[in-house]
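Note sheet for the following structure.
There are 2 protein chains.
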Amino acid sequence: MCRLAREKWTATRYWEPPGEVMARIVMKFGGTSVADIERLRHVAGRVAKIAGEGNQVAVVLSAMAGTTNQLIEWTREMSSLHDAREYDAVVSTGEQVTIGLLAMALQEKGISARSWQGWQVPIRTDDVHGSARILEIDGADIIQRMEAGEVAVIAGFQGISPKNRIATLGRSGSDTTAVALAAALSADRCDIYTDVDGVYTADPRIVTAARKLDKITYEEMLEMASQGAKVLQTRSVELAMNHRVRVQVLSSFNDTPGTLVVDEDEIVEKAVVSGITYASGEAKVTLLQVSDRPGVAAAVFGPLAEANVNVDMIVQSASPDGTSTDMTFTVSRADLPRVRDILAQHRDAIGFQEVIADGDVVKVSVIGVGMRSHAGVAQRMFAALSEKGINIHAISTSEIKISVLIGAEYTELAVRSLHSAYGLDSA
Amino acid sequence: MCRLAREKWTATRYWEPPGEVMARIVMKFGGTSVADIERLRHVAGRVAKIAGEGNQVAVVLSAMAGTTNQLIEWTREMSSLHDAREYDAVVSTGEQVTIGLLAMALQEKGISARSWQGWQVPIRTDDVHGSARILEIDGADIIQRMEAGEVAVIAGFQGISPKNRIATLGRSGSDTTAVALAAALSADRCDIYTDVDGVYTADPRIVTAARKLDKITYEEMLEMASQGAKVLQTRSVELAMNHRVRVQVLSSFNDTPGTLVVDEDEIVEKAVVSGITYASGEAKVTLLQVSDRPGVAAAVFGPLAEANVNVDMIVQSASPDGTSTDMTFTVSRADLPRVRDILAQHRDAIGFQEVIADGDVVKVSVIGVGMRSHAGVAQRMFAALSEKGINIHAISTSEIKISVLIGAEYTELAVRSLHSAYGLDSA
Numbered sequence: 091m092c093r094l095a096r097e098k099w100t101a102t103r104y105w106e107p108p109g110e111v112m113a114r115i116v117m118k119f120g121g122t123s124v125a126d127i128e129r130l131r132h133v134a135g136r137v138a139k140i141a142g143e144g145n146q147v148a149v150v151l152s153a154m155a156g157t158t159n160q161l162i163e164w165t166r167e168m169s170s171l172h173d174a175r176e177y178d179a180v181v182s183t184g185e186q187v188t189i190g191l192l193a194m195a196l197q198e199k200g201i202s203a204r205s206w207q208g209w210q211v212p213i214r215t216d217d218v219h220g221s222a223r224i225l226e227i228d229g230a231d232i233i234q235r236m237e238a239g240e241v242a243v244i245a246g247f248q249g250i251s252p253k254n255r256i257a258t259l260g261r262s263g264s265d266t267t268a269v270a271l272a273a274a275l276s277a278d279r280c281d282i283y284t285d286v287d288g289v290y291t292a293d294p295r296i297v298t299a300a301r302k303l304d305k306i307t308y309e310e311m312l313e314m315a316s317q318g319a320k321v322l323q324t325r326s327v328e329l330a331m332n333h334r335v336r337v338q339v340l341s342s343f344n345d346t347p348g349t350l351v352v353d354e355d356e357i358v359e360k361a362v363v364s365g366i367t368y369a370s371g372e373a374k375v376t377l378l379q380v381s382d383r384p385g386v387a388a389a390v391f392g393p394l395a396e397a398n399v400n401v402d403m404i405v406q407s408a409s410p411d412g413t414s415t416d417m418t419f420t421v422s423r424a425d426l427p428r429v430r431d432i433l434a435q436h437r438d439a440i441g442f443q444e445v446i447a448d449g450d451v452v453k454v455s456v457i458g459v460g461m462r463s464h465a466g467v468a469q470r471m472f473a474a475l476s477e478k479g480i481n482i483h484a485i486s487t488s489e490i491k492i493s494v495l496i497g498a499e500y501t502e503l504a505v506r507s508l509h510s511a512y513g514l515d516s517a
Numbered sequence: 091m092c093r094l095a096r097e098k099w100t101a102t103r104y105w106e107p108p109g110e111v112m113a114r115i116v117m118k119f120g121g122t123s124v125a126d127i128e129r130l131r132h133v134a135g136r137v138a139k140i141a142g143e144g145n146q147v148a149v150v151l152s153a154m155a156g157t158t159n160q161l162i163e164w165t166r167e168m169s170s171l172h173d174a175r176e177y178d179a180v181v182s183t184g185e186q187v188t189i190g191l192l193a194m195a196l197q198e199k200g201i202s203a204r205s206w207q208g209w210q211v212p213i214r215t216d217d218v219h220g221s222a223r224i225l226e227i228d229g230a231d232i233i234q235r236m237e238a239g240e241v242a243v244i245a246g247f248q249g250i251s252p253k254n255r256i257a258t259l260g261r262s263g264s265d266t267t268a269v270a271l272a273a274a275l276s277a278d279r280c281d282i283y284t285d286v287d288g289v290y291t292a293d294p295r296i297v298t299a300a301r302k303l304d305k306i307t308y309e310e311m312l313e314m315a316s317q318g319a320k321v322l323q324t325r326s327v328e329l330a331m332n333h334r335v336r337v338q339v340l341s342s343f344n345d346t347p348g349t350l351v352v353d354e355d356e357i358v359e360k361a362v363v364s365g366i367t368y369a370s371g372e373a374k375v376t377l378l379q380v381s382d383r384p385g386v387a388a389a390v391f392g393p394l395a396e397a398n399v400n401v402d403m404i405v406q407s408a409s410p411d412g413t414s415t416d417m418t419f420t421v422s423r424a425d426l427p428r429v430r431d432i433l434a435q436h437r438d439a440i441g442f443q444e445v446i447a448d449g450d451v452v453k454v455s456v457i458g459v460g461m462r463s464h465a466g467v468a469q470r471m472f473a474a475l476s477e478k479g480i481n482i483h484a485i486s487t488s489e490i491k492i493s494v495l496i497g498a499e500y501t502e503l504a505v506r507s508l509h510s511a512y513g514l515d516s517a
């Protein structure tokens, strides 16, 4: 009973600033935070502070900024079609250097610490080398040592495959390692230290009135990551959501509290709209005079799906004469040349007059879990854009997101107008 | 019976140039041979040639020249008294990069290959981190793959401790890895590729008439390594001798055959003297007027031994009056300041008038297994030096070696004279 009471207390007090309550915390630092000996010492100072407050701490590190790129460059020089297993053996070494050095720096400060490579934990992955998925983390050994006061310093980005080879998780894999580890260790929180100090209502470089959010739901964060916000990668947010890992995004360069990514239940006052994002790198494709017959959508999108082209927004205009229509959709701008090729190859099967492509577009999204229970959110968006004379090329929605495709030149105007329209501007 | 016959045949044909007989060969390349992508490609070419002739090949690599020093420098910057286990975790990464890249380069040439880190083999060591000893190598997996035609590319210098931590073998550890692996794999030969093309009768930079030896015995190589020849480290020669691993020293930059280090039985015509070496870095210490009483040698050398100072040659002059004598011995020049301190601390216990130290000396040695069965070898040395007016400060001998301590300014003269005196000059 005592134990239950204590657990409840921990849970309700959970969102206090770090350090006030003894907790188990995973701290993750990226490449710029560990770029040299001096910055590693600074990281050691931050870890020592949290550990010194009586918390159990596991640290996940990336390689020094630039190291992994150098290693990747060597593998490219050596062989254009290289063995992904050997690629992983080479590019996983950067993290092994930083974890050893940080363990030393912590010991220098009188903190008990040891480094852990992926295979030592072990962090078990599948054998899709270069972009492996974590299957299982055995945290028993680390938990025992954390309970004895030792800080675990763990290599991000890497694990061990079923065949005993080192496997890397792909870009931003260290965030994934941190979140998965937090789940395996039943950590109270996973703190992701970055070069920004949290998640904002909009990109502060565009909207000076943008505010840092104290809390955001997993679902919102996921939409934001998908819709252009670069703070966290979609994959690590998904993992956090699936395992209900409390994630905090905060700056490694200052001491201000960051943004907590949490379950919807933990946010009492849900904002209708939490943030405005924009994604450039989109392209609009229009097929003119597509024959309006059953199966034509499959004829267009089947070949694109086969070629792994992601199609996002789709608009089909009404067919005025009942025989042909115009079809508009968006793809990643990088895919545009392939899309043109594929459409040309399938021109006869699809039946259209002409392809028009426009790379000068941007997708602006408003995101918020509160819109589930509020009517008129979309209408306010369309009104705000219309008021500024911004034409909407396409619309797509999810339960907690409305996206519109507009001309790229309107990006800043649209984001600022929407930020004001939804009452997000700071006082 | 067939099998025995074949084995005998392999044994007698053993010393043919590489490639003529199908064999199992360990090839080891040092840091300068793998210093960049281009040199790694060159190494891949050499490996591909040997493998392409039908031999089973395992390759042992060092890190790119300079890499390990950079890693060591970082550990020093981070902490002066660092945890040796973390030091090992950091400095072992250099080899992991080169093995991955070489495996890629071999695959690019159509050769089946994979990289092996120490823990993957596994190469089991003790837990003396930074200078661990290999306890056991499980070569079963590698042998199976070699028999199936796969080249094993193995990280030198590293293994795994009983506690599942990476342990490094210390400087020149990659040679040790190669020899130990050759023993574990029952390899026919261990080829050590270096920047010289073999073992010479004397340092060719001093003696232009020096000849490359085709063969040399383990015992001679061991004395040469101890007495200043830098081709192979003592430790790897000892290991080769203990496990009767046939070692070849050869150049990674040209195709000439190197020097074979073999059992004495395999050399039919044993030279009286195989080589002349010199070791600078020695220092002569003389204690004047040491009291001539029982136990005085223990009083001098006991404290030095406790402080891990290696004392080499010892000369005690006859005591003219029966009460005091002069005592001369040599130590490593790097130890000289410590030796002075220790002697000063124990001055009362020992009882001497003065310490005179001379760092301007060199030890010249003549080495050869043939001197066991030949008289007059030492006499010829003393005569040759005397003829050139070179004064001998101290003498020490082993069964196959005579060393003299002389003034450093006579080094070249002494080495050249002895090289001629023992008939070693090339025609």
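Going down the list, the protein sequences come from chains A and B. Quick note, my numbering runs 90 ahead of the 1-based positions in the first sequence. Quick note, my numbering runs 90 ahead of the 1-based positions in the second sequence. All residues carry an ideal CB built from backbone N, CA and C; glycine is no exception.
| Check | Outcome |
| --- | --- |
| Hey, which unbroken runs of the alpha helix (DSSP H) at 4 residues or more fall wholly within the region 280-348 of chain A? | 308-316, 324-333 |
| Less than 7 Å between CB atoms is the rule here; does Leu191/B satisfy it with respect to chain E? | Absent from the structure: chain E. Protein chains present are A and B. |
| Report the residues of the region 158-178 of chain B with a CB closer than 9 Å to any CB of chain A, ordered along the chain. | Leu161, Trp164, Thr165, Glu167, Met168, Ser169, Ser170, Leu171, His172, Asp173, Arg175, Glu176, Tyr177, Asp178 |
| Can you name, in chain order, every residue of its own chain whose Cβ lies under 6 Å from the Cβ of Lys305/A, other than the five neighbours on each side? | Leu350, Val352, Ile357 |
| Per DSSP, Trp164/B forms a beta bridge with which residues? | Per DSSP, none; premise fails for Trp164/B. |
| Give me the chain A residues within the contact set of Gln210/B, using Cβ-Cβ distance strictly less than 7 Å, ordered along the chain. | Asn254 |
| When you compare each of Leu259/B, Lys453/B, Ser422/B, Glu396/B to Asp216/B by their alpha carbons, which one comes out closest? | Leu259/B |
| Taking the Cβ atom as the reference point for each residue, do Val321/B and Val339/B lie within a distance shorter than 7 Å? | yes |
| How would you list, in chain order, the residues of chain A whose beta-carbon sits under 8 Å from the beta-carbon of Val187/B? | Leu161, Trp164, Val180, Thr183 |
| Within the same chain, show all residues whose beta-carbon is closer than 7 Å to that of Ala95/B, passing over the 5 residues directly before and after it, in chain order. | With a pLDDT of 30 at Ala95/B, under the threshold of 50, the modelled position of that residue is not reliable, and the figure given next carries that caveat. Result list for Ala95/B: empty, nothing under 7 Å. |
| Sort out for me which residues DSSP pairs Glu396/A with in a bridge. | Paired residues: none, contrary to the question. |
| Just confirm the distance between the C-beta atoms of Ala205/A and Ala193/A, as a whole number of angstroms; I'd bet it's less than 8 Å. | Per the sequence shown, the amino acid found at residue 205/A is Ser instead of Ala. Their Cβ separation, rounded to whole angstroms, is 4 Å, which keeps Ser205/A and Ala193/A in contact under 8 Å. |
| Kindly list, in the order they appear in chain A, the residues whose Cβ is closer than 8 Å to that of Ile127/B. | Trp164, Glu167, Met168 |
| Please report how far the alpha carbon of Gly441/A lies from the alpha carbon of Asp382/A, in whole angstroms. | 9 Å |
| From the beta carbon of Met236/A, is the nearest beta carbon of chain B less than 7 Å away? | no |
| For the region 397-467 of chain B, which segments carrying the beta strand (DSSP E) assignment without a break, of at least 3 residues, lie completely within its bounds, in sequence order? | 401-406, 414-422, 444-457 |
| When burial is assigned at 16 or more other CB atoms within 10 Å of the CB, is Ser276/A buried or exposed? | exposed |
| Does the beta carbon of Leu154/B come closer than 7 Å to any beta carbon on chain A? | According to the sequence as given, residue 154/B is Met; it is not Leu. It does not: the Cβ of Met154/B has no partner Cβ on chain A nearer than 7 Å. |
| Are there 16 or more other CB atoms within 10 angstroms of the CB of Glu128/B, so buried, or fewer, so exposed? | exposed |
| Going along the chain, which residues of the region 195-206 of chain A sit with their C-beta nearer than 8 Å to a C-beta in chain B? | Ala195, Gln197, Glu198, Arg204, Ser205 |
| Alpha carbon to alpha carbon, how far is Arg261/B from His132/B? | 24 Å |
| Measure the C-alpha to C-alpha separation of Ala319/B and Ala257/A and round it to an integer number of angstroms. | 43 Å |
| Tell me, please, whether the region 441-459 of chain A touches the region 363-379 of chain A by the rule of three or more beta-carbon pairs shorter than 8 Å. | yes |
| Under 7 Å Cβ to Cβ from Tyr308/A, same chain only, skipping five residues before and after it: list those, please. | Val327, Ala330, Met331, Val351, Asp353 |
| Apply the 10 Å Cβ neighbour rule to Asp228/A and answer buried if 16 or more other Cβ atoms are within range, or exposed otherwise. | exposed |
| In or out: Lys98/B buried (at least 16 other Cβ within 10 Å) or exposed? | Interpretation of Lys98/B is limited by its pLDDT of 34, a score under 50 that renders its predicted location unreliable; the figure taken from the coordinates is listed afterwards. The residue is exposed, with fewer than 16 neighbouring Cβ atoms inside 10 Å. |
| Within the continuous alpha helix (DSSP H) that includes Lys139/A, where are the two ends? | 127-142 |
| Who does Trp206/B pair with in a DSSP beta bridge? | Ile244/B |
| Is the distance from the Cβ of Val494/B to the Cβ of Val451/B below 7 Å? | no |
| Going by beta carbon distance, what residues of the same chain come within less than 6 Å of Val116/B, once the five residues before and after it are set aside? | Ala148, Ala268, Leu271, Ala272, Ala277, Cys280 |
| Taking Tyr368/A as part of the beta strand (DSSP E), name the residues at either end of that continuous run. | 365-381 |
| If distances are taken between C-alpha atoms only, which option among Ala447/B, Ile189/B, Ala315/B, Gln435/B comes closest to Ser123/B? | Ile189/B |
| Report the rounded CA-to-CA distance for Thr324/B versus Val137/A, giving the unit in angstroms. | 44 Å |
| So, with DSSP's three-state summary, where would you put Ser276/A? | coil |
| Pick out whichever of Val429/B, His172/B, Val380/B has its Cα sitting closest to the Cα of Thr415/B. | Val380/B |
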